[in-house]
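Engineer: Letter by letter, the sequence shown follows residues 298 to 848 in our numbering. Here a beta-carbon is modelled for each residue, glycine too, at the ideal position from N, C-alpha and C.
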Amino acid sequence: MVAAPRGLLFLRVSALVVAGSVAALAMTPIAAQDSADDLDVPRFVEIADAAGLRHTFESDAEFSIGGGAAAFDCDNDHDADLFIAGGNAPAGLFRNLSEPDTPLRFKNISAMLGLDDTGIRRISGAYPIDFDNDNDLDLFVLRFGANQLLENDGKCNFSIAGGKAGIPDTDDRTTAFAATWRMGNDSPVLFIGNHAAPAPEPGKTGACAPSYVVQTTDGQPDQAEIQPIAPSFCPLSYLLIDWSGRGQFDLRTANDLTAIEGGAGSGQLFRVEDDTVSAFGEGDGWQAIDLSGFALAARDVDGDGLPEIVEADRRGGRLYAIEGEPAQPDFEDRSQLLGFADEAVDNDGQIPVFSWHVEFADFNNDSVSDLLIVRGQRQSPPVPSSHDQDMLLLGKPDGGFHNVGQEAGFALDTVGRGAAIADFDRDGCQDIVVVNRDAPVSLFRNRHCDGNNSPGWLEVELEQDGVNGCAVGASIILRAGDNVQTQARTIGGGHAGGSKVPLHFGLGDNMEAVLRVRWPDGSITDPITIPANRVATIKRSGQTITVNMGE
């Protein structure tokens, strides 16, 4: 290790190529904590207007779904910028102009999206993706109409490039998206999920539109291969998940069964192989999930190296974990660990409230996973009330959760939809943006890192040369003290929006962490020790691993 300019430290280690699962690398989680009274509750303050983040997702009955947000660095200055869907209003792009130790500040640069007045409307959400492998993050934009791939020049100047992706020019209502790279192909695989087609007449339910996989061959859109994701039950979220811990990512779907005549269908898991996408059935160990799901998130909560899945639904949410040995996708319902009632919530018995966006984070940096759940009515027009308040579930080391939304200053009477989590002011604590229906967007600054005795943290960015430079499909296995955390770099999940920011780990009282990276091709690094309270970048070039230790 040698000193580097501007206080940066670099480390070079060798990549160790082995076969094995993330579960095999995991270690014993820390001891259980019996009471939520001892939880370290973070405090949030809502500052959207003061920070210049002014935007509204305008809805009607059609846009009762959608409203996604994406945090990503569009100008390569290491700050998290924002894209926010607009529904019937124009979408918004906001550059993060914040400086360290100064208040958060955003500037509206929506004109740089390169969309006309038609193209910038009827957008339900977006996901960052480096589609052309040039190390600049592009945007896949979900629309009620023709979807768009927006190519970024690295300075937040976007241009329409949908033709390069072979995206069908159809009038669908796209609400779910995921992407990954297949070995040996320069172009990503795009999983595009569509909601119900417009109803034939008012008061009727339209049939679920086809969903599909798009794969171009070496960037040649005229050779795009399109195959169905079938059966398709009006998906609202796609999530690529390595449920077995062995590096094989399959497609989990959250389906809006309320949009289907008679409520037919179920939640699904699709096997993703080189040339096919096929549904798991009972013979494969998959038990169909008979509920309406609106968003998905995954994280290894219990420290066994295997991800748990949370699905937002009309009752609040469900938590699933692999039961027994992960030879088959046999998930057990452990929703009681979420800590809230298993029943629909309504306003005076009239207006049901649904959970929409879900996302894991560590808001107090105690090294235990927390969970954000964004809630709101589906009815139009919405009538905000206390029943719509979003939930911030702090994790306990025993695997349970406790809602501290009120104590944290996070629970507002707004009708939520999508969200984005990122350390927007680079102070080491994760902040939250929530998209609200027919109301201004909310920006919650996390004040937990304001004190000198705040817990430790580490953010890790992964890079590799050539194709799939963001290392989508990689996993980080990190030990801090006796606690082990596993996170995967994926594109998808949430409600109509996902982010691409450094993977954030809370370290608690530990001042360093030891981690290993399993890259998308299965190679695994030797252990790397990194000091706390920094953003580190781990880059793979051939068999050489370079670690930029950050500041």
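Quick check on the DSSP output: the alpha helix (DSSP H) that includes ALA462 runs from which residue to which?
Structural biologist: On the sequence shown, residue 462 is found 165 positions in, with the first residue counted as 1. Note, ALA462: alpha helix (DSSP H), 459-462.
Engineer: Answer yes or no: do LEU755 and THR834 have a C-beta to C-beta separation smaller than 9 Å?
Structural biologist: Along the sequence shown, one-based indexing puts residue 755 at 458. Along the sequence shown, one-based indexing puts residue 834 at 537. Contact flag unset, no.
Engineer: Among the residues of its own chain, which have a CB less than 7 Å from the CB of PHE721, if the five just before and after it don't count?
Structural biologist: In the sequence shown, the residue the question calls residue 721 occupies position 424. If we look at PHE721 and ignore the five residues flanking it on each side, its Cβ neighbours are ALA377, ASN393, SER395, LEU401 and ASP728.
Engineer: For the candidate residues ALA367, SER356, LEU350 and TRP816, whose alpha-carbon lies nearest to that of ASP719?
Structural biologist: The count along the sequence shown starts at 1 and reaches residue 719 at position 422. In the sequence under discussion, the amino acid at residue 719 is Ala, which differs from the Asp named in the question. The shortest C-alpha separation from ALA719 is found at ALA367.
Engineer: Can you give the beta carbon distance from THR472 to LEU533, rounded, assuming they're within the 8 Å contact cut?
Structural biologist: By 1-based counting over the sequence shown, the position of residue 472 is 175. By 1-based counting over the sequence shown, the position of residue 533 is 236. Their Cβ separation, rounded to whole angstroms, is 5 Å, which keeps THR472 and LEU533 in contact under 8 Å.
Engineer: Taking 8 Å as the line, does the beta carbon of GLN674 fall inside it for any heavy atom of the ligand ZN?
Structural biologist: You won't find the ligand ZN in this model; it holds no ligand whatsoever.
Engineer: How big is the Cα-Cα spacing for PHE707 and ASN661?
Structural biologist: Looking up residue 707 in the sequence shown gives position 410. Looking up residue 661 in the sequence shown gives position 364. Cα to Cα, PHE707 sits roughly 14 Å from ASN661.
Engineer: Measuring CA to CA, which of GLY713, ALA506 and PRO626 is closest to PRO679?
Structural biologist: As a working mapping, residue 679 is identified with position 382 in the sequence shown. Residue nearest to PRO679 within the set GLY713, ALA506 and PRO626 is GLY713 (criterion: CA-CA distance).
Engineer: Using CA coordinates, which residue listed in ARG813, ARG419 and PHE441 is at the minimum distance from ILE825?
Structural biologist: What you label residue 825 is simply residue 528 of the sequence shown in a count that begins at 1. When each option's Cα is compared against that of ILE825, the closest is ARG813.
Engineer: Spatial neighbours of GLY383 within its chain, please: C-beta separation below 8 Å, excluding the five flanking residues on both sides.
Structural biologist: Translated into the one-based positions of the sequence shown, residue 383 becomes position 86. Counting only Cβ-Cβ distances below 8 Å, and skipping sequence neighbours, we find HIS352, THR353, PHE354, GLU355, GLY389, ILE417, ARG418 and ILE420.
Engineer: Can you tell me whether GLY287 is buried or exposed, with buried defined as 16 or more other CB within 10 angstroms of its CB?
Structural biologist: Since the displayed the chain opens at 298 and closes at 848, residue 287 lies outside it and no answer follows.
Engineer: Taking only three categories from DSSP, how would you classify PHE591?
Structural biologist: The residue labelled residue 591 in the question sits at position 294 within the sequence shown. For PHE591, the three-state secondary structure derived from DSSP is strand.
Engineer: On the DSSP letters alone, give me the boundaries of the beta strand (DSSP E) that MET409 sits inside.
Structural biologist: Position 112 of the sequence shown, counted from the start, is the residue given in the question as residue 409. Premise fails: MET409 is in no beta strand (DSSP E) and is neither H nor E.
Engineer: Judging by CA-CA distance, which residue of GLY696, GLU608, THR841 and ILE670 is the nearest neighbour of ASP685?
Structural biologist: Mapped onto the sequence shown, residue 685 falls at position 388. Selected option, being the one with the closest Cα: ILE670.
Engineer: Any idea if SER772 is buried or exposed, counting beta-carbon neighbours within 10 angstroms, 16 or more meaning buried?
Structural biologist: The residue you call residue 772 lines up with position 475 of the sequence shown. SER772 comes out buried.
Engineer: In whole angstroms, what is the alpha-carbon distance linking SER751 and GLY580?
Structural biologist: Position 454 of the sequence shown, counting from 1, holds the residue named residue 751. Position 283 of the sequence shown, counting from 1, holds the residue named residue 580. So the alpha carbons of these two residues sit roughly 50 Å apart.
Engineer: Is it right to say SER529 is buried, meaning 16 or more other beta carbons lie within 10 angstroms of its own, or is it exposed?
Structural biologist: As a position in the sequence shown, residue 529 is number 232, starting the count at 1. Buried, by the Cβ-count rule.
Engineer: Among the candidates ALA493, ALA475 and GLY544, whose CA atom is the shortest distance from the CA of GLN512?
Structural biologist: Counting from 1 along the sequence shown, the entry for residue 512 is found at position 215. Of the candidates ALA493, ALA475 and GLY544, the one whose C-alpha sits nearest the C-alpha of GLN512 is ALA475.
Engineer: Could you tell me which residues DSSP puts in a beta bridge with ALA658?
Structural biologist: One-based indexing of the sequence shown puts residue 658 at position 361. Paired residue(s): ASP667.
Engineer: Could you give the residue range of the beta strand (DSSP E) that holds ASN845?
Structural biologist: Counting from 1 along the sequence shown, the entry for residue 845 is found at position 548. Its beta strand (DSSP E) spans residues 841-845.
Engineer: Between THR843, LEU436 and GLU605, which lies nearest to LEU634 when the distance is taken from Cα to Cα?
Structural biologist: Position 337 of the sequence shown, counted from the start, is the residue given in the question as residue 634. Restricting attention to THR843, LEU436 and GLU605, the CA atom closest to the CA of LEU634 is found in GLU605.
Engineer: CA-CA distance, ASP465 and GLY753?
Structural biologist: The residue you call residue 465 lines up with position 168 of the sequence shown. The residue you call residue 753 lines up with position 456 of the sequence shown. Checking the displayed sequence, the identity of residue 465 turns out to be Pro instead of Asp. Between PRO465 and GLY753, the C-alpha separation is close to 46 Å.
Engineer: Check ASN644 in the structure and name its three-state DSSP category.
Structural biologist: Position 347 of the sequence shown, counted from the start, is the residue given in the question as residue 644. With a pLDDT of 49 at ASN644, under the threshold of 50, the modelled position of that residue is not reliable, and the figure given next carries that caveat. In this structure, ASN644 counts as strand in the three-state DSSP scheme.
Engineer: Rounded to whole angstroms, what's the CA-CA distance from VAL642 to SER456? Just pull it up for me.
Structural biologist: Here residue 642 refers to the residue found at position 345 when the sequence shown is read from its first residue. Here residue 456 refers to the residue found at position 159 when the sequence shown is read from its first residue. Per-residue confidence for VAL642 stands at a pLDDT of 49, beneath the threshold of 50, marking its modelled position as unreliable; the derived number appears in the next sentence. VAL642 and SER456: Cα-Cα distance of roughly 43 Å.
Engineer: Counting only runs that start and end within the stretch 421-458, where is the beta strand (DSSP E) found for 3 or more residues in a row?
Structural biologist: You should have 435-442, 445-449 and 455-457.
Engineer: Opposite GLU392 in the DSSP bridges: which residues?
Structural biologist: Taking the sequence shown and counting its residues from 1, one reaches residue 392 at position 95. One detail in the question is off: residue 392 reads as Arg in this sequence, not Glu. DSSP, once it has assigned bridges, lists LYS404 as partnering ARG392.
Engineer: Taking DSSP's pairing of strands, which residues face GLN761 in a bridge?
Structural biologist: On the sequence shown, position 464 is the one that residue 761 refers to. Beta-bridge pairing links GLN761 to ARG837.
Engineer: Across which residues does DSSP place LEU812 in a beta bridge pair?
Structural biologist: Indexing the sequence shown from 1 puts residue 812 at position 515. In the DSSP output, where bridge partners are listed per residue, LEU812 has LEU775 and ILE825.
Engineer: Which of the three DSSP states, helix, strand or coil, is assigned to SER739?
Structural biologist: Stepping through the sequence shown from its first residue, residue 739 is reached at position 442. SER739: strand per DSSP, three-state reduction.
Engineer: Going by other Cβ atoms of all chains shown within 10 Å of its Cβ, with 16 needed for buried, is GLU448 buried or exposed?
Structural biologist: Residue mapping note: residue 448 aligns to position 151 of the sequence shown, counting from 1. That one is buried.
Engineer: In its own chain, which residues sit with a C-beta less than 6 Å from the C-beta of ILE523, not counting the 5 before and 5 after it?
Structural biologist: Translated into the one-based positions of the sequence shown, residue 523 becomes position 226. Only TYR509 and VAL511 meet the Cβ criterion.
Engineer: Identify, in the order they occur along the chain, each residue of the same chain with its Cβ nearer than 7 Å to the Cβ of PRO485, setting aside the five sequence neighbours on each side.
Structural biologist: By 1-based counting over the sequence shown, the position of residue 485 is 188. Once the five neighbours on either side are set aside, the close Cβ partners of PRO485 are ILE426, PHE428, ALA476, THR477 and TRP478.
Engineer: In the DSSP assignment, the beta strand (DSSP E) including ARG675 goes from what residue to what residue?
Structural biologist: Locating residue 675 in the sequence shown gives position 378, where the first residue counts as 1. No beta strand (DSSP E) holds ARG675; DSSP gives it neither H nor E.
Engineer: Of all Cβ atoms in chain D, is any one closer than 9 Å to the Cβ of PRO604?
Structural biologist: Of the chains in the structure shown, none is chain D; there is only one protein chain.
Engineer: With H, G and I counted as helix, E and B as strand and the rest as coil, what does DSSP make of MET324?
Structural biologist: The sequence position of residue 324 within the sequence shown is 27, counting from 1. Here MET324 scores only 43 on pLDDT, less than 50, and its place in the model is too uncertain to base an answer on.
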